[in-house]
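Report on the structure given below.
There are 2 protein chains.
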Amino acid sequence: MKGNAVFKRSYNQCLRQLAGQAIGASLPSESELAQSLEVSRTTVRSVFASLIDAGIVTVAAGGRRLVRHPGEADYFPDLQTLSAGAAVARRFMEWILQGDFRAGQLLNAAELARQFGTSTTTIREHLAQFQHVGLLERRPNSSWLYKGVTPAFATEIYDVREMFELRSTRSFIELPDDSPPWRELDVIEAEHRALLANIDEDYRTFPQLDERLHRVIHETSNNRFIIDFYDVISTLFHYTYRWNRSDEKQRNTVALLEHLDYIEALRSRDPRAIDARCRKHLRTARATLARSIEFGPFRSPSSPAGVSA
Amino acid sequence: MKGNAVFKRSYNQCLRQLAGQAIGASLPSESELAQSLEVSRTTVRSVFASLIDAGIVTVAAGGRRLVRHPGEADYFPDLQTLSAGAAVARRFMEWILQGDFRAGQLLNAAELARQFGTSTTTIREHLAQFQHVGLLERRPNSSWLYKGVTPAFATEIYDVREMFELRSTRSFIELPDDSPPWRELDVIEAEHRALLANIDEDYRTFPQLDERLHRVIHETSNNRFIIDFYDVISTLFHYTYRWNRSDEKQRNTVALLEHLDYIEALRSRDPRAIDARCRKHLRTARATLARSIEFGPFRSPSSPAGVSA
DNA sequence: AATCTGTTTTTAATGTAAAAAAAACGGAGC
DNA sequence: GCTCCGTTTTTTTTACATTAAAAACAGATT
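Order-wise, the sequence lines are chains Y and V. Under this note's numbering, the final residue of the first sequence carries the number 392; numbering is consecutive throughout. Under this note's numbering, the final residue of the second sequence carries the number 392; numbering is consecutive throughout.
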């Protein structure tokens, strides 16, 4: 009735840790591991029990010891390490990504539950979050309306993003040079230069760096609404990034250079310069999203999913 | 298993309509009434059935006819006309209002379900919306954290509100004089003047007028995020308004005058003037909220509700 | 005293079932 | 053709049950 995703995720994490240990090494205590995995000791205990069952660990005098290194087959599939709720959110975004829904389409919970292999309760509870992302509208005693990733959506989200990011830079430049966010900015800048030097191989790692830069700026706003909104943006980009892979290396290089300019402006602490560079970068990013939308999702060859219209 | 709040609400609405009719008047058709009450014909049918049961209506040749006027006792209590979900949201806000929760307190679903007289499913689904309002934080596999209506909260919400409202005025002044929002503004202004003339008796109706003015402005932004955020503000104010009733008439009069200045600035279409008046008004409103928070909720004489800490 | 682990108690996650409401169907009357 | 209304089918809402995970408790060992 309740998935055991927490257990499976912890089990996998534990296997990864053991993979790096020597045979015979002794394992950490239950509470220690619970803390490092950020789960309860109850979960750690079931993980240990399973590890012993699988013959990976024995309990000898003086504690548990590693018997053999885990193989590929010992891990749980990644898909099972998501809670039912998280899985629903992911699959919903992936359906959008693949163009399985059309803007204006009505979605019904029972059908989605069947398609996603969960219960309507889970669907209802977790689809609600996409109301705040602006992708769904719920009408009482009726179905959900999918509003679509449309050009209007891009405009609205970017208008707010620009307001929020410009505002955040203001609090950012108020902070002293040795505050954690500025330290983080130093690191981020260094990673930008490293990535630029290796752009041919590593250009695909850009999105993570992008996320880190913008997040560190937004977080200095100390405003829960601004930070929550960045979470929305971040989720959205995580998924839409894959829509348009043309010129990926080229686009990432441009963005990297814009980031460096933007960082330079931040260091100057000159609001005018910051606004200019920030706006310029966001304009580029907005255009990229707009083109992705135009380009559209990878329409799957199969017909649109069996969801009533 | 499912409350019949829709039915009860419709039944009451129908009674109100009948109260104004003459005995013997014929009722509208099922589909007609369904449309005007914005419910399904299925619900209308059960309403009609109950009306006949209650002896308020008979079915004669040529349609249903009113037999007697409904009395007070015929109506369902207002409280029962809210869906379980809406009731949870309302009671939650009222508990906050009464100071039953302290900032930083952990809330647990089972306990709240008992207190509110519903199931945990309903609690979980509807408490989620207060995450978006910034009042709750949910930690996976654990309880909810009530973050409190604190001075920080007021600052954060007003910072965003100001950005959004200033931005919205820009789209507002782009619209032609005869567009619906400007027409609505004319009406709102007239009502302001009417209320000012009658301030001694009617000062309590100010919040509705406030809501209408700010909403018509926000809505011209055509931005779902801005409009959603105004919904949050609006909900919050609806409840916090009652925290501090001192100087109510005085404060409302000041706000009315500020509104009129603000409207005048909008008519001038001069961005500088608009910003000044808008900022001034929002500063006043912000200070009012800040004072309400300081003043605090009406601490109920009973101990804080039985929710685990 | 502090940490470790075995056991018990609570609580959150989530599937299932039943009632309410919506939607669809279909015939009758105009 | 169109509206009206009785019936049937779907779908949403919500309570409840069950399992996973967390938290609390308690004895043991260092």
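Yeah, the Cβ is synthetic: ideal placement off N, Cα and C, and Gly gets one too. These numbers come from a predicted model, not from an experiment.
Below-8 Å beta-carbon distance, residue i vs any chain Y residue
i, result
"M246 (chain V)", "yes"
"P384 (chain V)", "Residue confidence is low: P384 (chain V) scores 37 on pLDDT, short of 50, so the model does not pin down where it sits. Its coordinate-derived value is still stated next. So, not an interface residue."
"E239 (chain V)", "yes"
"F32 (chain V)", "Outside the shown range of chain V, which is 84 to 392, sits residue 32 (chain V), and nothing can be said about it."
"P387 (chain V)", "Unreliable placement is indicated for P387 (chain V), whose pLDDT of 39 sits below 50; the coordinate value is still reported in the next sentence. By this cut-off, P387 (chain V) is not an interface position."
"A144 (chain V)", "no"
"I309 (chain V)", "yes"
"D242 (chain V)", "yes"
"P354 (chain V)", "no"
"L208 (chain V)", "Correcting the residue type first, residue 208 (chain V) is Glu in the shown sequence and not Leu. Yes - at least one Cβ of chain Y is within 8 Å of the one on E208 (chain V)."
DSSP-derived helix/strand/coil call for residue i
i, result
"S114 (chain V)", "helix"
"T303 (chain V)", "coil"
"T203 (chain Y)", "helix"
"T336 (chain Y)", "helix"
"T233 (chain V)", "coil"
"E121 (chain Y)", "coil"
"V142 (chain V)", "strand"
"L189 (chain V)", "strand"
"E257 (chain Y)", "coil"
"S262 (chain Y)", "coil"
"Q181 (chain Y)", "coil"
"S317 (chain Y)", "helix"
"N81 (chain V)", "Because chain V here runs from 84 to 392, residue 81 (chain V) falls outside it and cannot be looked at."
"D293 (chain Y)", "helix"
"Y241 (chain V)", "helix"
"A132 (chain Y)", "helix"
"R360 (chain V)", "helix"
"A137 (chain Y)", "coil"
"S251 (chain V)", "helix"
"D157 (chain V)", "helix"
Buried or exposed by the 16-neighbour rule on C-beta atoms within 10 Å, applied to residue i
i, result
"S385 (chain Y)", "With a pLDDT of 39 at S385 (chain Y), under the threshold of 50, the predicted position of this residue should be treated as unreliable, and no value is reported."
"L292 (chain Y)", "buried"
"M84 (chain Y)", "exposed"
"I106 (chain Y)", "exposed"
"L258 (chain V)", "exposed"
"F378 (chain V)", "exposed"
"A392 (chain V)", "The pLDDT assigned to A392 (chain V) is 31, lower than 50, so where the model puts this residue is not dependable; a value taken from the coordinates is nonetheless given after this. Classification of A392 (chain V): exposed, given that the 10 Å Cβ count is below 16."
"N95 (chain Y)", "buried"
"G103 (chain Y)", "exposed"
"S329 (chain Y)", "exposed"
"D136 (chain Y)", "exposed"
"L372 (chain V)", "buried"
Beta bridge counterpart(s) of residue i as assigned by DSSP
i, result
"S109 (chain Y)", "Y:R148"
"R221 (chain V)", "V:W227"
CB contact below 8 Å: residue i versus chain V
i, result
"V127 (chain Y)", "no"
"A211 (chain Y)", "yes"
"H215 (chain Y)", "yes"
"R298 (chain Y)", "no"
"T204 (chain Y)", "yes"
"V89 (chain Y)", "yes"
"R250 (chain Y)", "yes"
"N306 (chain Y)", "yes"
"N224 (chain Y)", "yes"
Check your understanding: Would you call the stretch 116–129 of chain Y and the stretch 159–170 of chain Y touching, i.e. three or more CB-CB distances under 8 Å?
Key -> No, the stretch 116–129 of chain Y does not touch the stretch 159–170 of chain Y.
**Study point:** Segment contact flag, the stretch 84–92 of chain V with the stretch 165–176 of chain V, C-beta cutoff 8 Å, min 3 pairs
**Key:** Yes, the stretch 84–92 of chain V is in contact with the stretch 165–176 of chain V.
Check your understanding: If you pair each beta-carbon of the stretch 174–191 of chain Y with each one of the stretch 147–155 of chain Y, do three or more pairs fall below 8 Å?
Key -> The stretch 174–191 of chain Y vs the stretch 147–155 of chain Y: no contact.
Review point. With a cut-off of 8 Å, do at least 3 Cβ pairs link the stretch 217–225 of chain Y to the stretch 284–298 of chain Y?
Key: With contact defined as three or more Cβ pairs closer than 8 Å, the stretch 217–225 of chain Y and the stretch 284–298 of chain Y are not in contact.
Check your understanding: Three or more C-beta pairs closer than 8 Å, one from the stretch 330–342 of chain Y and one from the stretch 197–205 of chain Y: is that the case here?
Key -> No, they do not touch.
**Study point:** At least 3 beta-carbon pairs within less than 8 Å: the stretch 278–285 of chain Y vs the stretch 225–233 of chain Y
**Key:** By the criterion of at least three beta-carbon pairs nearer than 8 Å, the stretch 278–285 of chain Y is not in contact with the stretch 225–233 of chain Y.
Exercise for review: Would you check if the stretch 253–267 of chain V and the stretch 302–311 of chain V touch, i.e. whether three or more CB-CB distances between them fall below 8 Å?
Suggested key: Yes, they touch.
**Study point:** contact_flag[the stretch 339–348 of chain V, the stretch 270–280 of chain V] where n(CB pairs < 8 Å) is 3 or more
**Key:** For the pair of segments examined, the stretch 339–348 of chain V was found to touch the stretch 270–280 of chain V: the number of CB pairs separated by less than 8 Å reaches three.
Check your understanding: Three or more beta-carbon pairs under 8 Å between the stretch 206–215 of chain Y and the stretch 352–359 of chain Y, yes or no?
Key -> No, they do not touch.
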